[in-house]
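S.K.: In terms of our numbering, the sequence shown opens at residue 1 and continues consecutively. Don't be surprised by glycine CBs; every beta carbon is placed ideally from N, CA and C.
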Amino acid sequence: MFIVWGRKITRRTLGYVADFCGVCRVPRAFRMTRLGSVGHVYYISFGEGNLVGHERACTSCGAFSEADVNAYAGISKSSGSLESLKRETFPGLDAALEQRLALEVRVQTAPHLLSAEERMGLIFSPFNLLSPKVERHFATMRMDGGVALAIAGGIGLCFLVPAIGGAISPEYGPPGFLLGLVAGFGLLIWQLLAAGGRFMRKEIVPLLAQSLSPVKPNEAEIERALGEFKRAGHKIGKKLKAAQVIEAIRSPR
Ligand SMILES: [Zn+2]
1 MFIVWGRKIT RRTLGYVADF CGVCRVPRAF RMTRLGSVGH VYYISFGEGN
51 LVGHERACTS CGAFSEADVN AYAGISKSSG SLESLKRETF PGLDAALEQR
101 LALEVRVQTA PHLLSAEERM GLIFSPFNLL SPKVERHFAT MRMDGGVALA
151 IAGGIGLCFL VPAIGGAISP EYGPPGFLLG LVAGFGLLIW QLLAAGGRFM
201 RKEIVPLLAQ SLSPVKPNEA EIERALGEFK RAGHKIGKKL KAAQVIEAIR
251 SPR
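As structure tokens, this is what we get:
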């Protein structure tokens, strides 16, 4: 008998902390999660496992990254108002952000006066922050509306094609089933491939556009950022086209 066993990552929400979100470009509430590694047999496991790290995710845009729980004064049980969350979890946040917020003011008021280095830093940052979300998505096969419809359509074709075939001539019934099955599989594979593009278009491009819009990057700058991420082996660099990002930045939100 084949036994499926191994280790899997468990996640447990610890609470909320205040911090700066580089995608939203403002201080936000972040959900703090404990990551554990636990043994499983047939994906069934008990307990939260050995601590392997922490992760914080912006409650507004969903961008997540590794986190150091010791960097915060505490972890709040509820997100509440940002001001009270700041007091409880990161009282020095405003002082720590002074330089970054001054840069944000310059981005808003005089973007043309930013140095080339500052511009590239501001352009790279949201790609870097959204990259883990893209990696996690493509590491697992996920079902979305299109894939579910393809499965339903594929099953439907397995009944419909032999029924039509059988109505024309009884000998067309069995090959009709095979034809329906092949067409159904084709439909499913097409939708599984298209699902990746849909995820990027719906979940990543709007956030990138929102975050990059104050910097007003040109296509060559986006191209350069995507190229760097692609060379570093990040899927975000491979799954996007510069023109697609520019179009989203320029279209009204
Ligand atoms: Zn955010």
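Under a criterion of Cβ closer than 7 Å to any non-hydrogen atom of ligand 1, which residues qualify, in chain order?
M.R.: So the residues near ligand 1 by this Cβ test are Cys21, Val23, Cys24, Arg28, Cys58, Ser60, Cys61 and Ala63.
S.K.: Report back the beta-carbon spacing between Gly153 and Gly165 to the nearest angstrom; my notes put them in contact at under 8 Å.
M.R.: Within the sequence shown, residue 153 is the residue found at index 153, counting from 1. Within the sequence shown, residue 165 is the residue found at index 165, counting from 1. That belief does not hold up - the Cβ atoms of Gly153 and Gly165 are roughly 18 Å apart, past 8 Å.
S.K.: I'd like to know whether the C-beta atoms of Trp190 and Ala163 end up nearer to each other than 9 Å.
M.R.: The residue you call residue 190 lines up with position 190 of the sequence shown. The residue you call residue 163 lines up with position 163 of the sequence shown. Result no, Cβ atoms of Trp190 and Ala163 do not sit closer than 9 Å.
S.K.: If you follow the alpha helix (DSSP H) that Ser125 is in, where does it begin and where does it stop?
M.R.: Taking the sequence shown and counting its residues from 1, one reaches residue 125 at position 125. From DSSP, the alpha helix (DSSP H) with Ser125 extends over Ala116 to Ala139.
S.K.: Within its chain, find whatever has a CB closer than 7 Å to the CB of Leu226; leave out the 5 residues flanking it on each side and keep chain order.
M.R.: Position 226 of the sequence shown, counted from the start, is the residue given in the question as residue 226. Once the five neighbours on either side are set aside, the close Cβ partners of Leu226 are Gly237, Leu240 and Ala242.
S.K.: Once you ignore the five residues that flank Glu55 on each side, which residues in its own chain have a CB closer than 8 Å to its CB?
M.R.: In the sequence shown, the residue the question calls residue 55 occupies position 55. Excluding sequence neighbours, Glu55 sits near Arg11, Met32, Thr33, Leu35, Phe64, Ser65, Glu66 and Ala67.
S.K.: Residues in the same chain with beta-carbon distance under 6 Å from Val4, minus the five sequence neighbours each way, listed in chain order, please.
M.R.: Mapped onto the sequence shown, residue 4 falls at position 4. Answer for Val4: Tyr42, listed in chain order.
S.K.: Using a Cβ-Cβ cutoff of less than 8 Å, which residues in the same chain neighbour Met120 once the five nearest sequence positions on both sides are dropped?
M.R.: Stepping through the sequence shown from its first residue, residue 120 is reached at position 120. Result list for Met120: Glu221, Arg224 and Ala225, in chain order.
S.K.: Does the separation of the CB atoms of Val52 and Ser45 fall below 9 Å?
M.R.: Translated into positions along the sequence shown, residue 52 becomes position 52. Translated into positions along the sequence shown, residue 45 becomes position 45. By the CB criterion at 9 Å, Val52 and Ser45 fall outside the cutoff.
S.K.: Rounded to the nearest angstrom, how far is the Cβ of Arg106 from that of Thr59, given a contact under 8 Å?
M.R.: One-based indexing of the sequence shown puts residue 106 at position 106. One-based indexing of the sequence shown puts residue 59 at position 59. No, Arg106 and Thr59 are not in contact; Cβ-Cβ is about 27 Å, not under 8 Å.
S.K.: Can you tell me whether Pro252 is helix, strand or coil according to DSSP?
M.R.: Indexing the sequence shown from 1 puts residue 252 at position 252. The answer is coil: DSSP assigns Pro252 none of H, G, I, E or B.
S.K.: The alpha helix (DSSP H) that contains Cys158, what's its start and end?
M.R.: The residue you call residue 158 lines up with position 158 of the sequence shown. It spans Gly145 to Ile168 - the alpha helix (DSSP H) in which Cys158 sits, taken as one unbroken run.
S.K.: Keeping to the same chain, check which residues put their C-beta closer than 6 Å to that of Val245; ignore five residues upstream and five downstream.
M.R.: Taking the first residue of the sequence shown as 1, we reach residue 245 at position 245. Apart from the 5 residues on each side of it in sequence, Val245 sits with its Cβ closer than 6 Å to the Cβ of Leu208 and Ile222 in its chain, given in chain order.
S.K.: Using three-state DSSP, classify Pro174 as helix, strand or coil.
M.R.: Counting from 1 along the sequence shown, the entry for residue 174 is found at position 174. In the structure shown, Pro174 sits in a helix (DSSP, three-state: H, G or I).
S.K.: Cα-Cα, which of Pro132, Ile9 and Thr109 is closest to Ile204?
M.R.: Numbered from 1 along the sequence shown, position 204 holds the residue referred to as residue 204. Ranking Pro132, Ile9 and Thr109 by Cα distance to Ile204 puts Pro132 first.
S.K.: Would the beta-carbon of Lys138 fall within 9 Å of that of Lys235?
M.R.: Counted from its first residue, the sequence shown places residue 138 at position 138. Counted from its first residue, the sequence shown places residue 235 at position 235. In the sequence as displayed, the identity of residue 138 is Phe instead of Lys. For Phe138 and Lys235, yes; Cβs fall inside 9 Å.
S.K.: Look at the alpha carbon of Val134 and the alpha carbon of Met200, and state the distance between them as a whole number of angstroms.
M.R.: Numbered from 1 along the sequence shown, position 134 holds the residue referred to as residue 134. Numbered from 1 along the sequence shown, position 200 holds the residue referred to as residue 200. Taking the straight line joining both Cα atoms gives about 8 Å.
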